[in-house]
Every structure is written in C-alpha cells, then in structure tokens.
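Using full-length UniProt numbering, read the sequence shown as starting at 1 and increasing by one per residue. Ideal placement from N, C-alpha and C gives every residue a C-beta, glycine not left out. Owing to the predicted nature of the structure, the values given are computational and were not obtained by experimental measurement.
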Amino acid sequence: MTLLQILWVVNIVLSTVSIFFITVDYMKEGNFLLDRLSWFIPIHRPAPSLNKKRLKDVMIGILILLVISFVTQANVAFLSNPRVARPIGVSHRGVDNKNGVQNTIASLKKTSQTTHPKFVEMDIQETKDHQFVVYHDYNLKALTGVNEKPNQLTLSQLTKLTIHENKQTATIVSFDDYLAAAQKLNQRLMIEIKPNKEDSPEMLTNFLNKYQDKILKAGHVIQSLSYDIIEQIKELSPTVTAGYIMPFSLVGPPTGKMDFLTIEYTTLNAKFIDSAHAQGKQVFAWTPNDEDTMSRMQFYGVDGIITDQMQVLNQTFKGTTRLNYSDQLFFFTIGIG
C-alpha cells in the first residue's frame with residue numbers, strides 16, 4: 001500500500017466520523033434524539049478561558065494545515081512522478097494484429113521487421129521422438145484439423161502439417177529452424193516450454209544440453225507455467241534467464257529462483273509489482289491489447305508487456321512516456337488490472 005493510499009484510508013475514516021457527528025447534530029436540531037435518561041447525571045465543567053479557547057483553535061488550525069500540506073506533497077510526489085519507464089515490448093506468439101499464423105517463421109519475420117519487439121514470445125513442446133516443435137495448443141485439431149497431440153507425432157510428421165489461421169496458412173516448424181530464423185533476424189525470443197505429463201524424463205536436460213549455449217549467446221529467455229520446470233532450469237543452468245507464468249494472483253508474487261514473473265494483466269496491480277521488484281524479479285503483463293490497458297500497466301510499473309498488438313504498443317509509448325494527471329489519478333483509483 002502506498003503512502004497516498006494510506007492517507008486515503010485515513011481520510012475515509014475521518015470523513016465517516018465527521019458524517020456521524022453532523023448527523024447527530026441534525027437529529028438534535030430536529031428533535032429526533034431521545035430525551036436524556038433519568039439516571040444520567042451530566043458532569044458540569046467550567047467553561048474554558050478565552051485564551052485557552054484561542055490556543056486550542058490555533059493548534060487545530062496548525063494541525064489541519066500540516067495534514068493538508070502532507071497530503072498535497074504525497075499527492076504530488078506520487079502522481080506527478082509515477083514509474084514511467086517504457087515497458088519492454090513482447091510480441092505474443094510472434095504475431096501483430098493477426099498479421100500471420102502464430103508460431104511460424106513467416107510471422108516471426110514480418111513482426112520482427114515491422115514492429116521491432118524486444119522479444120518474440122513463442123511456444124515449444126516435446127515430440128514423440130524427443131525433439132522440439134513450435135506449437136501452442138496441446139491438440140493439433142483446432143489449427144490443422146488433425147486430432148492428435150504434438151507428443152503423439154514425430155517432428156518429421158508434425159512439420160508436414162499445415163496450420164490455418166487468420167485466413168492464412170503456414171507449416172508447423174521445428175524449434176531448430178525457428179531458432180535459426182531468429183538468429184538471422186537478430187531477434188531475441190521468449191521461449192515458453194509447455195510441459196506435458198507424457199514428456200520424457202530427460203526432456204528438460206535434453207533441451208538444455210542442446211540449446212543452452214545458443215540461448216545464452218543470443219540473449220533469449222525461457223518461461224513456463226510449470227513452477228517445477230523453472231526451478232529445475234535455474235538449478236541446472238543458473239545463468240539462463242527463466243520466468244514463471246501465473247494465470248492470476250490473489251496473494252502476491254511467489255518466492256523462488258525465477259528471474260521474472262509473467263502474469264495475466266486483469267489481476268495485476270502496483271502492489272504485486274512492488275513486491276516482485278523487492279525480490280529482484282521483473283514482471284511481464286500478458287496480454288494487454290489496447291492503449292488504455294497498456295498505459296495502466298506502465299503506470300503500475302511493469303517491466304514488459306506481452307501483446308498481440310505491437311503496433312498499438314509502439315504508438316502508445318511513442319515519444320513522451322509521461323501520463324497526464326487525470327489518467328494517473330484514474331489508474332491509481334482503480335488500482336488493479
């Protein structure tokens with residue numbers, strides 16, 4: 001909770017108390033209050049002297065001025081100097097505004113060359129022959145028409161399948177080919193490892209043995225919805241940057257070896273981000289796709305935004321990154337996602 005939010009709570013409490021006494025006064029004037037009970041004996045105190053009354057009034061006035069000054073300074077400090085660093089732009093599944101088929105080389109090239117994201121987020125899964133394919137869903141049917149799981153087919157079988165999306169087509173691609181294409185483009189990747197209970201026991205060690213050096217050299221990062229996988233990666237390869245994906249947050253950021261946290265934006269707030277930063281962890285929000293939400297995430301202090309709308313993100317943070325006062329106050333007031 002920020003200082004201004006604390007003051008806001010205090011203000012609500014004081015306002016409630018004031019309303020209570022004002023209500024009592026009105027009830028008294030309207031004769032709505034009960035008569036004094038017979039057993040109640042009032043205590044008569046001598047009236048305070050004029051000097052004491054003046055001193056009391058002066059002290060109350062000074063106290064009010066101090067409170068106003070303190071609140072104003074806190075307001076100015078928080079709202080005129082928010083965290084306005086431009087968030088890192090990450091293209092979700094390598095597409096921008098449906099400009100191609102997700103997780104394909106054609107979309108990677110188009111998005112990288114036209115919108116210049118810091119990272120392209122993409123998904124990999126283990127295949128039947130223990131290779132790695134670039135694909136998001138756990139079933140192929142929605143995009144290919146084939147009712148199979150990626151881990152039920154070999155890499156050779158998978159790369160013969162055609163994906164249909166956004167009125168466009170492309171073939172499924174191996175991680176090796178996608179990685180090579182990214183290298184030619186000098187494009188950094190955010191690689192999501194999508195685990196399956198049927199994965200081989202050696203899946204993670206095979207992946208790191210084969211790709212760790214390339215990942216480190218190119219500055220790629222890894223993330224996963226599996227907390228255990230991220231912990232294992234940091235144990236096996238401490239220098240690899242790895243992040244844990246959270247669909248939502250109710251109790252704040254988890255502890256662990258992860259370098260960053262990726263969280264769905266609707267339950268993300270400034271307090272979560274501050275807590276994560278206190279642990280030395282970056283925070284990425286996914287997937288804000290409009291200017292208002294992106295600006296709100298920036299105000300909360302996110303380090304990066306994973307989006308389907310890279311051009312919107314670039315336009316949102318083009319030039320000055322300072323939010324106007326009304327937007328800052330609105331984002332502060334709503335306080336979450």
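For Gln223, the enclosing beta strand (DSSP E) starts and ends at 221-224.
When Phe260, Gly301, Asp290, Ser275 are compared, the shortest CA-CA separation from Gln282 is found for Phe260.
Within the DSSP secondary-structure output, Gln168 pairs in a beta bridge with Glu165.
Annotation: the segment 106-179 contains the following complete segments of the alpha helix (DSSP H) (minimum length 4 residues), in chain order: 141-144, 155-158. In this structure, DSSP gives Arg86 a state outside helix and strand, which the three-state scheme calls coil.
Partner residues in the beta bridge of Gln282, as assigned by DSSP, are Phe260.
For Thr307, the uninterrupted beta strand (DSSP E) segment begins and ends at 304-307.
The C-beta distance from Leu313 to Met297 rounds to 10 Å, too long to fall under 8 Å, and the pair is not in contact. Boundaries of the alpha helix (DSSP H) around Arg296: 291-300.
Contact between Ala170 and Val101 holds: their C-beta atoms lie close to 4 Å from each other, under 8 Å. Apart from the 5 residues on each side of it in sequence, Thr316 sits with its Cβ closer than 7 Å to the Cβ of Glu291, Met294, Ser295 in its chain, given in chain order. Assignment of Glu192 by DSSP, reduced to helix, strand and coil, places it in the strand class. Cβ neighbours of Thr144 within its own chain (closer than 8 Å, five residues either side excluded): Leu161, Thr162, Ile163, His164, Ile172. Going by C-alpha positions, Gly89 is about 49 Å away from Ile62. Excluding its 5 nearest sequence neighbours in each direction, His130 has C-beta neighbours in its own chain below 8 Å: Ser200, Glu202, Met203, Asn206, listed in chain order. At the C-beta level, Ile124 and Ile191 come within 8 Å of one another. Distance from the CA of His92 to the CA of Ala270, rounded to the nearest whole angstrom, comes to 23 Å.
For Ser91, the secondary structure class from DSSP, reduced to helix, strand or coil, is strand. Residue range 242-246 is occupied by the beta strand (DSSP E) that includes Tyr244.
Counting along the chain, the unbroken alpha helix (DSSP H) around Leu204 starts and ends at 203-218. Annotation for Gln183: Ala218 place their beta carbon closer than 7 Å to its own, counting only its chain and skipping 5 residues before and after. Leu66 counts as exposed, since fewer than 16 other C-beta atoms from the protein chains shown sit within 10 angstroms of its C-beta. Going by DSSP, Asn269 is part of no alpha helix (DSSP H) at all; its letter is neither H nor E.
Nearest to Val302 by C-alpha distance, out of Ala285, Ala181, Gly94, is Ala285. In the three-state DSSP reduction, Asn314 falls in the helix class (H, G or I).
Look at Gln187 here: in three-state DSSP terms it is coil, with no helix or strand label. Closest in C-alpha terms to His220, from the list Leu189, Gln212, Tyr300, comes Leu189. Counting the other Cβ atoms within 10 Å of the Cβ of Leu268 gives 16 or more, which makes it buried. Here Met59 is exposed, its C-beta having fewer than 16 other C-beta atoms within 10 Å. It is roughly 21 Å from the alpha-carbon of Asp137 to the alpha-carbon of Ala242. In the DSSP annotation of this structure, the continuous segment of the alpha helix (DSSP H) that includes Glu235 starts and ends at 227-236.
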